[in-house]
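Just below is one structure, and these are the notes that go with it.
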Amino acid sequence: MTENPVPSNFIQEAILDDLKNGRFDHVLTRFPPEPNGYLHIGHAKAICITFGLAEANGGKYNLRFDDTNPVKEDVEYVESIKEDIRWLGFDWEDREFFASDYFEQLYQWAEKLILKGKAYVDDLSPDEIREYRGTLTEPGRNSPYRDRSVDENLDLFRRMRAREFPNGSRVLRAKIDMASGNINLRDPVMYRILHSTHHRTGDQWCIYPMYDYAHGQSDSIEGVTHSLCDIAYEIHRPLYDWFLDELEIFHPRQIEFSRLNVTYTILSKRFLKQLVEKGLVLGWDDPRMPTLSGMRRRGYPVEAVRDFIDRVGVAKNESVADISLLEHCVRENLNRTALRVMGVLNPLKVIITNYPEGQVEQLEAINNPEDPAAGTRTVPFSGELYIEQEDFREVPPPKYFRLAPGREVRLRYGYFIKCEEVVKDEQGNVVELRCTYDPATRGGYAPDGRKVQGTLHWVSAAQAVDAEVRMYNRLFLTSDPDNVEEGKTYLDNINPDSLKVLSGCKVEPSLVNAVIGARFQFERQGYFSIDPDSQPGKPVFNLIVELRDTWNKIQGKK
RNA sequence: UGGGGCAUGGUGCAAUGGCAGCACACCAGACUUUGGAUCUGUGGAUCUUGGUUCGAAUCCAGGUGCCCCAGCCA
């Protein structure tokens, strides 16, 4: 977890400076999502930085929905966004705002700019506006409507509001500089006509403010001191400042930091939406998704997600965080907190030939070796068990420590068993092992000091609970999925094996009534959580993350 | 001579003129009733050229590379 509650980064330094030199005497930040999609791990970084910095400096933070484009937004998203932020552990109390609440004020300020001769109504078509804007290397040209009189502008703008004109027929533009090297300053559009029902204001408006015009003013209305945002808005800052200065209203400070990228995933709302809509995943909360709802469903502890964000840091470099760091954070958390259990994913039947017929013993097992307070439980042992198919090899390769004909291994918390006979079906598949056990090794200790190389997990057949286990793998095959050759897209990099559903799994009986969301370590395999799809007596597990596997590594080298 | 931003091990982040450090990853070993965890150890970085300075990752100048901007999206 975070050792140092006060973050040390360039934004914190800037805040401290502002406090010290009197630019501000308190700190108020805001997170401004547009409700047009679900939050992902990249947003989590923005939220933790934005809200975390406010907390660290004794300030408050607002949640403000940037809902200025009715055609893309929906209440479904505002609900999910709130749930995700709460999950992250932040409480914005009563400071929940919507840019749409400011539409009237924004409109009045627009009239003010018209009156000042700083804004005008333009009749150019969208195509013409683009033409007049010029290019990256050539300056733009003034619109023929640029020098309309204040009265005419005012009249036209009011009639825009009064629904007199169709979509796309006119816009309100700021009058700045069509020759500016910064294209954002080439008379940016402030209002466009959109005859469209807004999810909150309904049909009250048919003109909607653009981001650049709405954002800074919304910050100002709320008294935000530090408006932290994506590096992409850095070149918008002159415009952000321009509106505030021209309007002569409270002037927050915008500071930009670089967004988070993560290897083997894609963090773009557009792409994530595509995955959902094309049915390539089961929904926004599919456990393979980098969305917060997906991670939550998968079973990632929120503490681990936060820890990851802290470790990734804050800077302006374009950076790509290694997914293995996230996985490390998850494992580190779960190693401390998850109860250990035994579950067999791909069962292979084992008959203990010398075990007393019909006998069942209750053996004691440790719940979490990292946490003595977690105590112990009992697991039933009998003459008919399941072990993992992978834990038996008829012809064991070098360094394979598990079961093989004639070899003795330990069953965890159980007995030493020795494989005496291999039973196969007509196709030659191993279907059953016949073994003997050493009654003197109860609990897994040999009184004669005899060693075995392997310890296997197992489940007693009669008491086993049937379970479905969903094994997840990276959604993408390449570390930078969007980096594709001509003619291909990130969709070509999708991993066809990102989900494998195992249906005949056998888990120990203590798991029969595990609650949704509970997390366990299946010993020697990985961490798993109970999926909401679980039914009473029929648990469904999600693989959260596998245990580190050095045997796998050894094999991979060959 | 469009404008803006960024360059530190494989990855991410520190070092704010004074011994380039931390984490993840990687590799080797110890230990182990989870091939988990834990512990120990190895290797590996300041984009480049010049300048200032006793001393430069840090300051200055030039160069190079990468990212962003031409929505009536945010």
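Residue numbering for the first sequence follows this note's numbering, starting at 448 and increasing by one per position. By construction, the Cβ of each residue, glycine as well, lies at the ideal position given by its N, Cα and C atoms. What you are looking at is a predicted structure, and each value in this text was computed from that prediction instead of being measured.
In this structure, ILE576 lies near VAL636, with their beta-carbon atoms less than 9 Å apart. In this chain, the alpha helix (DSSP H) harbouring ALA751 covers 749-759.
When only Cα atoms are considered, HIS904 and ARG897 end up about 20 Å apart.
In this structure, the CA atom of ALA491 is about 10 Å from the CA atom of VAL749. One Cα belongs to ARG849, the other to TYR862, and the distance between them is close to 14 Å. Judged by pairs of C-beta atoms under 8 Å, the stretch 539-550 does not touch the stretch 602-617, as fewer than three such pairs exist. Distance from PRO983 to LEU958 at the Cβ level is roughly 12 Å; contact not present, criterion being Cβ atoms closer than 8 Å. The residue among ARG593, PRO454, ASP531 and GLU551 with its C-alpha nearest the C-alpha of ALA661 is GLU551. Straight across, the Cα-Cα distance linking GLU530 with LEU924 is about 31 Å. For ASN509, the enclosing beta strand (DSSP E) stretches over residues 507-512. Relative to the Cα of GLU817, the nearest Cα in the group GLY581, ARG995, LEU810 and ARG787 belongs to ARG787. With respect to GLY587, ARG580 sits close: the two C-beta atoms are nearer than 9 Å. Listed in chain order, the non-local C-beta contacts of ILE834 below 8 Å within the same chain comprise VAL791, PRO794, LEU795, VAL797, LEU850, LEU858, LEU880, LEU903, HIS904 and TRP905, local neighbours out to five positions each way being set aside. ARG744: member of the alpha helix (DSSP H) spanning 739-745, first to last residue. Secondary structure at TYR919: strand, using DSSP grouped into helix, strand and coil.
Spanning the alpha carbons of LYS947 and GLU955 requires a straight line of approximately 21 Å.
Residue environment: ARG511 is assigned as buried (16 or more neighbouring CB atoms within 10 Å of its CB, all protein chains considered).
Note that the C-beta distance between GLY505 and PRO454 is not below 9 Å.
Spanning the alpha carbons of GLY564 and TYR485 requires a straight line of approximately 40 Å.
A distance below 9 Å separates the beta carbons of GLY663 and LEU691. CYS776: member of the alpha helix (DSSP H) spanning 770-784, first to last residue.
Bridge partners of LEU880 according to DSSP: VAL797 and VAL869. Under the 8 Å Cβ criterion, the stretch 752-769 does not count as touching the stretch 936-944, having fewer than three qualifying pairs.
With a cutoff of 9 Å on beta-carbon distance, ASN509 and GLU669 are scored as near each other. In this structure, ARG917 sits near ASN989, with a CB-CB distance shorter than 9 Å.
Counting along the chain, the unbroken beta strand (DSSP E) around ARG824 starts and ends at 823-829.
In this structure, LEU707 keeps its C-beta atom at 9 Å or more from the C-beta atom of ILE528. Its chain contains ARG580, GLY587, MET625 and SER627 as the residues whose beta carbon lies nearer than 6 Å to that of ARG633, once the 5 sequence neighbours on both sides are disregarded; these appear in chain order.
Taking C-alpha positions only, ASN456 is separated from LEU463 by approximately 11 Å. Between HIS646 and ASP513 a beta carbon distance of about 13 Å is seen, past the 8 Å cut, so the two are scored as non-contacting.
Between the alpha carbons of ASP895 and VAL761 lies a gap of roughly 58 Å. Short of 6 Å from the beta carbon of SER907, and not among the five residues preceding or following it, lie these beta carbons of its own chain, in chain order: PRO827, PHE828, SER829 and LEU832. Annotation for LEU719: GLY484, TYR485, HIS487, ILE713, TRP731, MET736, PRO737 and THR738 place their beta carbon closer than 8 Å to its own, counting only its chain and skipping 5 residues before and after. Rounded to whole angstroms, the gap between the alpha carbons of LYS763 and ALA679 is 11 Å.
The three-state reading of DSSP puts HIS490 in helix, counting H, G and I together. DSSP places PHE975 in no alpha helix (DSSP H) but in the uninterrupted beta strand (DSSP E) bounded by 973-977.
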